[in-house]
DNA sequence: TGTGACATGTAATATGTTACATGATTGA
DNA sequence: TCAATCATGTAACATATTACATGTCACA
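Chains as they are written, first to last, in this note's numbering: chain A, 39 to 233; chain B, 39 to 233.
As structure tokens, then:
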């Protein structure tokens, strides 16, 4: 194999992974906070991409501390209750450089979509199975859109402008998927048995 | 932490990861083929999500063989040149059940978008930095759309209907992102300094 | 005969998940 | 006081990446 086509790394010393960038962003956003409160942000976010599992966050925060991007302060409820962390100047620079252009190619590339992935192999199902696939996908997608909308409305009060814009982006994405599913349905109805 | 909010597993014995499902799909699609040819499919796919690295594919194929989802045959160029693999009946069932509803929630949820992720923290940049972010993102996104379109046209001859539908989906996704970026730009122009 | 592409793998490494362990706090 | 929840972690595990180690084949 050419052994190079889409390399992601090696992570230069100064570079951040997505999760590291997000964690710095959360700390920047919240001000001094504990690892646990960072976890809660991920756990309560509507995106299922990261669970904010303890085994991810605690070691990661330690790593960022070691690299001098976070520094610790005392916990407001007493020093024996763990530590809060806040951005160092270097951490702030790292956040900005993760955030800002130039973007890696994969960040701009086609986003991964598990439904699209599966559709590639849809011909492996019977025509009836294909119809079920599309029906179920459309149903769950509509449900999910409604849920995102609700969540977004519920958070309107606390959310700033960028939260709002993110939600708009997520909804645009979901609607594009839904439109696409309907297009696929129409296409398959024309000729359900065609491979 | 509630220690449960978005659990992904534990992978039941019969379940497949995304990559495993895709590999079964590729084998189903291509008929008997070698691990190397599976790698090539991933490496040449326009999606950057998996590199099809040797260290991922070879052990994975072995795993699927052990689980009885793939079985090996002789290599057409001689038995000392490795083995081809093809789906067993169980493998075919596994593929169909990975493919078909019910879908896991995260498969229908908002797709991950690194640009959207970053935008959440855009307020950490200066107003000029924000403008650069949006300009660069839009530029690279347009470039990428053109590239996907070219790739799609180039493959038109060899591609079946589902390839075509996948490409349509990818383009819809990319266009939705582009429209969103333009919406964000307009929004920020109204009031560039507002946090 | 040697150079580069093709092909098959393994090893070291990194990262994230689940599951578990532990202690403090709260409240019925 | 006992259970549930909050909070902080660690351990075992799975999986994917990069980088490396080989071997074969075409062909100049």
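Ideal Cβ placement from N, Cα and C applies to all residues, glycine included.
Terminal residues of the beta strand (DSSP E) in which residue i lies
| i | result |
| --- | --- |
| residue 125/A | 121-125 |
Residue i - containing alpha helix (DSSP H), residue span
| i | result |
| --- | --- |
| residue 182/A | 165-193 |
| residue 63/B | 56-68 |
| residue 97/B | 92-104 |
| residue 230/A | Neither: residue 230/A is in no alpha helix (DSSP H) and is coded neither H nor E. |
| residue 149/B | Counting along the chain, residue 149/B falls outside any alpha helix (DSSP H), and DSSP gives it neither H nor E. |
| residue 80/A | 73-82 |
Alpha-carbon spacing of residue i relative to residue j, whole angstroms
| i | j | result |
| --- | --- | --- |
| residue 179/B | residue 104/B | 42 angstroms |
| residue 192/A | residue 205/A | 12 angstroms |
| residue 167/A | residue 66/B | 17 angstroms |
| residue 121/A | residue 176/A | 46 angstroms |
| residue 73/B | residue 126/B | 16 angstroms |
| residue 219/A | residue 150/B | 18 angstroms |
| residue 49/A | residue 56/A | Because the pLDDT at residue 49/A is just 43, under 50, the model does not fix this residue reliably, and the value given afterwards should be weighed accordingly. Answer to the nearest angstrom: the Cα atoms are 12 angstroms apart. |
| residue 43/B | residue 228/B | Below a pLDDT of 50, predicted positions are generally treated as unreliable, and residue 43/B, at 48, falls in that range; the measurement from the model is reported next regardless. Distance between the alpha carbons of residue 43/B and residue 228/B is about 38 angstroms. |
| residue 134/A | residue 155/A | 33 angstroms |
| residue 77/B | residue 110/A | 45 angstroms |
| residue 159/B | residue 84/B | 28 angstroms |
| residue 183/B | residue 203/B | 16 angstroms |
| residue 196/B | residue 54/A | 39 angstroms |
| residue 88/B | residue 95/B | 10 angstroms |
| residue 217/A | residue 108/A | 43 angstroms |
| residue 162/A | residue 224/B | 45 angstroms |
| residue 82/A | residue 157/B | 18 angstroms |
| residue 194/B | residue 97/B | 33 angstroms |
| residue 36/A | residue 232/A | A query on residue 36/A cannot be resolved here, the shown segment of chain A reaching from 39 to 233 and no further. |
| residue 102/B | residue 71/A | 44 angstroms |
| residue 91/B | residue 75/B | 12 angstroms |
| residue 188/A | residue 169/A | 29 angstroms |
| residue 47/B | residue 190/A | Because residue 47/B sits at a pLDDT of 49, beneath the cut-off of 50, its placement in the model cannot be relied upon, and the point is left open. |
Rounded distance between the beta-carbons of residue j and residue i, thought under 8 angstroms
| i | j | result |
| --- | --- | --- |
| residue 222/B | residue 186/A | Between residue 186/A and residue 222/B the Cβ distance is about 18 angstroms, and since that is not below 8 angstroms, they are no contact. |
| residue 130/B | residue 69/B | Incorrect: roughly 12 angstroms between the Cβ atoms, too far for contact. |
| residue 212/B | residue 132/B | Actually they do not touch by this definition, with Cβ atoms about 32 angstroms apart. |
| residue 174/A | residue 141/B | 7 angstroms |
CB of residue i within 8 angstroms of CB of residue j, strictly
| i | j | result |
| --- | --- | --- |
| residue 99/B | residue 79/B | no |
| residue 59/B | residue 136/B | yes |
| residue 139/A | residue 200/B | no |
| residue 210/B | residue 145/A | no |
| residue 152/B | residue 230/B | no |
| residue 128/A | residue 93/A | no |
| residue 198/B | residue 86/A | no |
Could you list the residues in the segment 189-200 of chain B with a C-beta less than 8 angstroms from some C-beta on chain A, going in chain order? 198, 199, 200
Contact residues within the segment 144-170 of chain B, judged by C-beta distance below 8 angstroms to chain A: 144, 145, 146, 147, 148, 149, 150, 151, 152, 153, 154, 155, 156, 157, 158, 159, 160, 161, 162, 163, 167, 170
What are the residues of the segment 209-222 of chain B that lie near chain A, defined by any Cβ-Cβ distance shorter than 8 angstroms? 210, 211, 212, 213, 214, 215, 217, 218, 221, 222
When you check each C-beta in the segment 89-101 of chain A against every C-beta of chain B, which residues fall closer than 9 angstroms? 89, 90, 91, 92
Chain-ordered residues of the segment 130-145 of chain B with a beta carbon less than 9 angstroms from chain A: 130, 133, 134, 136, 137, 138, 139, 140, 141, 142, 143, 144, 145
Could you name the residues of the segment 59-76 of chain A whose beta carbon sits closer than 9 angstroms to any beta carbon of chain B, in the order they occur along the chain? 59, 60, 62, 63, 64, 66, 67, 74
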